[in-house]
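Peer 1: Dropping the structure in here first, questions after.
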Amino acid sequence: MRPTVSEPSRQLSDPGELLLGYLDFLRSAVTAKIAGMSEEDLRTSRLPSGWTPLELLKHLVHMERRWLRWGFLGEPVPEPFGDADATGRWHTGPDDTATDLTAALHAGGEQTRAVCAGLDLATPAATGGRFPAGADDGTGAEPAPTLGWILFHVLQEYARHAGHLDIARELTDGVVGK
């Protein structure tokens, strides 16, 4: 169970490229962690919190879209929280498959790279999507975050959830992550 994408080069010093490289690596790690799991295992929770590996995969797809397209670009995104029900609990439908969600995960990564191309990490997110317009109008609303902040946030989500998948996979069939 090894990721198909390696960690970025140890010689790489550009912070933006390091962030994007580690996001690619973690997407690949997540994909590797669910590879070979049966449909039943993907839809079965082995944890007290109740989430399943397929639900976590769907969460990652929506999370990256929320932060980059709806958040950073300010684009309208249908169902930005489509990974969760009204209570905030992650869910999947009968038509959600690991194949489709994995493809969406990697397509989202390509979109993230396209969004970031040529931009400085200090570029502030657009307002009007996830972040309300007028955040700097003296009302005390927090200003929109920078691209660098958003990428670090997305990176820590991937890293944390990749670790969660390590545990879920080991509890499922004894396969341990690297």
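Everything in the sequence shown is counted per this note's numbering, starting at 621 for the first residue and increasing by one. The C-beta atom is built at its ideal place from N, Cα and C for all residues, glycine as well.
I'd like the list of long-range same chain contacts for Tyr-778, defined as Cβ closer than 6 Å, with 5 residues on each side in sequence excluded.
Peer 2: These residues qualify, in order along the chain: Leu-646.
Peer 1: List the endpoints of the continuous alpha helix (DSSP H) containing Met-683.
Peer 2: Start and end: 673-685.
Peer 1: Could you say which of Leu-767, Leu-721 and Gly-728 lies nearest to Asp-740 if we only look at CA atoms?
Peer 2: Ranking Leu-767, Leu-721 and Gly-728 by Cα distance to Asp-740 puts Leu-767 first.
Peer 1: Please state if the CB of Leu-688 and the CB of Ile-770 are separated by a distance shorter than 8 Å.
Peer 2: Yes, they are a contact pair.
Peer 1: For my contact list, Leu-674 and Arg-663 are in at a C-beta cut-off of 8 Å; report their separation, rounded to the angstrom.
Peer 2: Indeed, because the Cβ distance is near 6 Å, the residues count as touching under 8 Å.
Peer 1: Can you tell me whether Ala-704 is helix, strand or coil according to DSSP?
Peer 2: Note: Ala-704 maps to strand in three-state DSSP.
Peer 1: On the DSSP bridge list, what partners appear for Thr-719?
Peer 2: Paired residues: none, contrary to the question.
Peer 1: In terms of residue numbering, what span does the alpha helix (DSSP H) encompassing Thr-712 cover?
Peer 2: Note, Thr-712: premise wrong, no alpha helix (DSSP H); not H, not E.
Peer 1: Mind checking if Ala-706 is an interface residue toward chain C, Cβ cutoff 8 Å exclusive?
Peer 2: Here there is only one protein chain, and chain C is not present.
Peer 1: Could you spell out where the alpha helix (DSSP H) holding Ser-573 opens and where it closes?
Peer 2: Because the chain in this structure spans residues 621 to 798, residue 573 falls outside the shown range and cannot be described.
Peer 1: Only counting the same chain, and skipping five residues up and downstream in sequence, which positions put a Cβ closer than 8 Å to that of Ile-787?
Peer 2: Contacts found: Leu-667.
Peer 1: Decide yes or no for the touch test of the segment 621-635 against the segment 643-658: beta carbon pairs closer than 8 Å, at least 3 of them.
Peer 2: Cβ pair count under 8 Å is three or more, so yes.
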